Amino acid sequence: MIYFDNAATTRALPAVAEKMSTMLCEQYGNPASVSAMGLAAEKEIRNAAEIIARGIHCKYDEVFFTSGGTEGDNWAIYGTAEGYKRQGQHFITTEIEHPAVKNPMKLLEEKGAEVTWLKVDRQGHISLEELANAIRPDTVLVSTILVNNETGTVQDAAAIGKLIKEKNPQCLYHVDAVQAFGKYPIDVEKMKIDLLTMSGHKIHGPKGVGMLYMRKGLKVKPLMLGGGQQRGQRPGTENGPGAAALGVACDEAFKSMKESIAHVREVKQTLLEGILALPDTQLNGDSLEEASPYVLNVTFKGLRSEVLLHALESKGIVVSAGSACDSKKKVGSPVLTAMGLPFSEIEGAIRFSFCRYNTVEEAKECLKALEELVPFFRKYNR
1 MIYFDNAATT RALPAVAEKM STMLCEQYGN PASVSAMGLA AEKEIRNAAE IIARGIHCKY
61 DEVFFTSGGT EGDNWAIYGT AEGYKRQGQH FITTEIEHPA VKNPMKLLEE KGAEVTWLKV
121 DRQGHISLEE LANAIRPDTV LVSTILVNNE TGTVQDAAAI GKLIKEKNPQ CLYHVDAVQA
181 FGKYPIDVEK MKIDLLTMSG HKIHGPKGVG MLYMRKGLKV KPLMLGGGQQ RGQRPGTENG
241 PGAAALGVAC DEAFKSMKES IAHVREVKQT LLEGILALPD TQLNGDSLEE ASPYVLNVTF
301 KGLRSEVLLH ALESKGIVVS AGSACDSKKK VGSPVLTAMG LPFSEIEGAI RFSFCRYNTV
361 EEAKECLKAL EELVPFFRKY NR
């Protein structure tokens, strides 16, 4: 099988599975307990937090373990809204965010808050000028995705963070780094990021565990009430196995980041150049040089993405539809729609997403399949 759907999830590293097994079956003490087993579990969690902190240039006690990216995004948004009520209720985000950001923002609107939705260009970039004009004295949070999960477009987080603090030093900056963490250099200090979310299963870690970085001193409220775990911010018995295994995945991702980026870019380039050699194909999003090497979105004009997806799957190649389309309603991917693509281009969009364990040979095998399937389906579509 060729697995080109790594933006959806990744295969866990053997070392990750081994760490989880050890924590579940041997070091299974409650981290809140003062017993030797409890202290050993707490030490594992602390070690994972320190690994993450070193990787993104923050302090270990600014790392909070969550159930994943969705919880982290919700916590950052709702926690800020609750904690900064007196400062204001104006929020800024973009039209191409993940639903874990878009839907909480929509709920805030329903409850009376004001949300400014920034538009993007054809490549998926926001306008810094539009952002500057949108920031007000009562703006409490700007939330942007770092690497878009559908197209791989990278927002300039450093420029955004700098601009926010120049316009309103009290405004917080949240970054959804689920598709960037461990794959793209992140320095929360230099980028002036106050809140950042990630998810373990996107970097060969376990599902059901993630992390929210929260700058020390913020008034962000917890999502839940309960015990005093995680410095009173995230109550409930800590997921020691998940946190420890996440630390293993993060450590490996940080160590191999530079080499992985170069390798994955070669895989992506091989596939992209071959696809664009086929008639009536187009790249959606930023250029090969500017976009994340881990995500590739391409339209095969005149084809339905679902048809091509299942045909590739029959040949042992797993990819993702670039959108979940309803042809009767002519509704497509909100991300591609926001970028200005017509439905005729959206309905043929396929996302290929890679990891450091994919190979150039796999890209060539995928191209062989596409060279056979695309002309075949086009013949019957005309």
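Under the UniProt record's numbering, residues 1 to 382 are what the sequence shown spells out, in order. Beta carbons are placed, not taken as given, at the ideal position from N, Cα and C, and that holds for glycine. A quick note: this is a predicted structure, and the numbers were derived from the prediction, not measured.
Which listed residue (G226, H204, L107) has its alpha carbon closest to that of L13:
Taking the sequence shown and counting its residues from 1, one reaches residue 13 at position 13. Cα-wise, what sits closest to L13 is H204.
Cβ separation of G210 and T197, assumed to be a contact under 8 Å, to the nearest whole Å:
Start at 1 with the first residue of the sequence shown, and residue 210 comes out as number 210. Start at 1 with the first residue of the sequence shown, and residue 197 comes out as number 197. Rounded, the Cβ-Cβ distance is 7 Å, consistent with contact.
Identity of the residue in L39, A48, E26 nearest A245 by Cα
By one-based count along the sequence shown, residue 245 stands at place 245. The shortest C-alpha separation from A245 is found at A48.
Report the start-end ranges of each beta strand (DSSP E) in the stretch 68 to 125 that is 3 residues or longer and not cut off at the edges.
90 to 94, 114 to 118
Please classify G232: is it buried, with 16 or more other beta-carbons within 10 angstroms of its beta-carbon, or exposed?
Here residue 232 is taken as the residue at index 232 of the sequence shown, counted from 1. So G232 ends up on the exposed side.
Determine whether the beta carbon atoms of R122 and V264 lie at a separation below 8 Å.
Here residue 122 corresponds to residue number 122 of the sequence shown, with the count starting at 1. Here residue 264 corresponds to residue number 264 of the sequence shown, with the count starting at 1. In this structure, V264 does not lie closer than 8 Å to R122 by Cβ.
Beta strand (DSSP E) segments (min. 3 residues) lying fully within the stretch 173 to 230
195 to 199, 210 to 214
Where DSSP assigns a beta bridge to R351, which residues make up the other side?
Within the sequence shown, numbered from 1, the residue matching residue 351 stands at position 351. N297, S320, per the DSSP bridge assignment.
Local Cβ density within 10 Å of S256, reported as buried at 16 or more and exposed below that:
Position 256 of the sequence shown, counting from 1, holds the residue named residue 256. Classification for S256: exposed.
Would a C-beta distance cut-off of 8 Å place H90 and E114 closer than the cut-off?
Residue mapping note: residue 90 aligns to position 90 of the sequence shown, counting from 1. Residue mapping note: residue 114 aligns to position 114 of the sequence shown, counting from 1. For H90 and E114, yes; Cβs fall inside 8 Å.
Among the residues of its own chain, which have a CB less than 7 Å from the CB of G348, if the five just before and after it don't count?
Locating residue 348 in the sequence shown gives position 348, counting from the first residue. Taken in chain order, the residues that qualify are T299, F300, K301, G302, L303, R304, S305.
Where does Y173 land, buried or exposed, given buried means 16+ other C-beta within 10 angstroms?
Locating residue 173 in the sequence shown gives position 173, counting from the first residue. With 16 or more Cβ atoms within 10 Å of its Cβ, Y173 is classed as buried.
Continuous beta strand (DSSP E) stretch holding I135: start and end
Residue mapping note: residue 135 aligns to position 135 of the sequence shown, counting from 1. Segment: none, I135 is in no beta strand (DSSP E) and carries neither H nor E.
With which residues is V156 paired in a DSSP beta bridge?
Indexing the sequence shown from 1 puts residue 156 at position 156. Strictly speaking, residue 156 in this sequence is Asp, with Val absent from that position. Answer is none; D156 lacks a bridge partner.
Let me know the secondary structure DSSP gives Q233 once reduced to three states.
Taking the sequence shown and counting its residues from 1, one reaches residue 233 at position 233. Q233: coil per DSSP, three-state reduction.
Residue span of the alpha helix (DSSP H) that contains F376, given as start and end:
As a position in the sequence shown, residue 376 is number 376, starting the count at 1. Element bounds for F376: 360 to 381.
Buried or exposed: where does N284 fall if 16 or more other Cβ atoms within 10 Å of its Cβ makes it buried?
For the purposes of this step, residue 284 is taken as residue 284 along the sequence shown, with counting starting at 1. It counts as buried.
Contact set for residue 383: own chain, Cβ-Cβ below 7 Å, skip 5 residues either direction:
Given a span of 1 to 382 for the chain in the structure shown, any question on residue 383 remains unanswerable.
Coarse secondary structure for Y60, derived from DSSP in three states
Here residue 60 is taken as the residue at index 60 of the sequence shown, counted from 1. Helix at Y60.
Proximity of Q27 and A41 at Cβ, strictly below 8 Å
Translated into positions along the sequence shown, residue 27 becomes position 27. Translated into positions along the sequence shown, residue 41 becomes position 41. In this structure, A41 lies closer than 8 Å to Q27 by Cβ.
Just tell me which of P235, I145, I160, E189 has its CA closest to the CA of E133.
Here residue 133 is taken as the residue at index 133 of the sequence shown, counted from 1. Looking at the sequence provided, one finds Asn at residue 133 rather than Glu. It is I160 whose Cα lies nearest to the Cα of N133.
CB-CB length for P31 against E189, believed under 8 Å:
The count along the sequence shown starts at 1 and reaches residue 31 at position 31. The count along the sequence shown starts at 1 and reaches residue 189 at position 189. Going by Cβ atoms, the distance from P31 to E189 rounds to 28 Å, so no, they are not a contact pair.
Residue burial classification, K183 (beta-carbon count within 10 angstroms, cutoff 16):
Within the sequence shown, numbered from 1, the residue matching residue 183 stands at position 183. Classification for K183: buried.
Taking the CB atoms as reference points, tell me whether K202 and Q179 lie closer together than 8 Å.
Locating residue 202 in the sequence shown gives position 202, where the first residue counts as 1. Locating residue 179 in the sequence shown gives position 179, where the first residue counts as 1. Their beta carbons are under 8 Å apart, which means K202 touches Q179 by this criterion.
Three or more beta-carbon pairs under 8 Å between the stretch 69 to 82 and the stretch 137 to 144, yes or no?
yes
Would you give the residue range spanned by the alpha helix (DSSP H) that Q282 belongs to?
To locate residue 282, count along the sequence shown from 1; it is residue 282. That residue, Q282, is in no alpha helix (DSSP H); its beta strand (DSSP E) goes 281 to 284.
Which of the three DSSP states, helix, strand or coil, is assigned to V264?
One-based indexing of the sequence shown puts residue 264 at position 264. Helix at V264.
Could you tell me the distance, in whole angstroms, from the CA atom of G29 to the CA atom of L223?
Position 29 of the sequence shown, counted from the first residue, corresponds to residue 29. Position 223 of the sequence shown, counted from the first residue, corresponds to residue 223. G29 and L223: Cα-Cα distance of roughly 25 Å.
Tell me the DSSP bridge mates of S143?
In the sequence shown, counting from the first residue as 1, residue 143 sits at position 143. Note: S143 sits in a beta bridge opposite H174.
Could you give the distance in angstroms between the alpha-carbon of P375 and the alpha-carbon of R136?
For this step, residue 375 is matched to residue 375 along the sequence shown. For this step, residue 136 is matched to residue 136 along the sequence shown. Each residue's alpha carbon lies about 53 Å from the other.
Going by DSSP, name the residue or residues bridged to F343.
Along the sequence shown, read from residue 1 onward, the residue named residue 343 stands at position 343. DSSP output for F343 lists no bridge partner at all.
If I measure Cβ to Cβ from P235 and keep anything under 8 Å in the same chain, skipping five residues before and after, which residues do I get?
Locating residue 235 in the sequence shown gives position 235, counting from the first residue. Excluding residues within five positions, the ones whose Cβ falls inside 8 Å are P222, M224, L225, G226, G227, G228, Q229.
Once you ignore the five residues that flank W75 on each side, which residues in its own chain have a CB closer than 6 Å to its CB?
Counting from one through the sequence shown, the residue named residue 75 turns up at place 75. If we look at W75 and ignore the five residues flanking it on each side, its Cβ neighbours are L212, L223.
Does the Cβ of L39 have 16 or more other Cβ atoms within 10 Å, making it buried, or fewer, making it exposed?
Within the sequence shown, residue 39 is the residue found at index 39, counting from 1. When all chains shown are included, L39 counts as exposed.
Going by DSSP, what residue range makes up the alpha helix (DSSP H) through residue 393?
Outside the shown range of the chain, which is 1 to 382, sits residue 393, and nothing can be said about it.
To the nearest angstrom, how far is it from the Cα of D138 to the Cα of D194?
Residue 138 sits at position 138 when you count from the first residue of the sequence shown. Residue 194 sits at position 194 when you count from the first residue of the sequence shown. So the two alpha carbons sit approximately 17 Å from each other.
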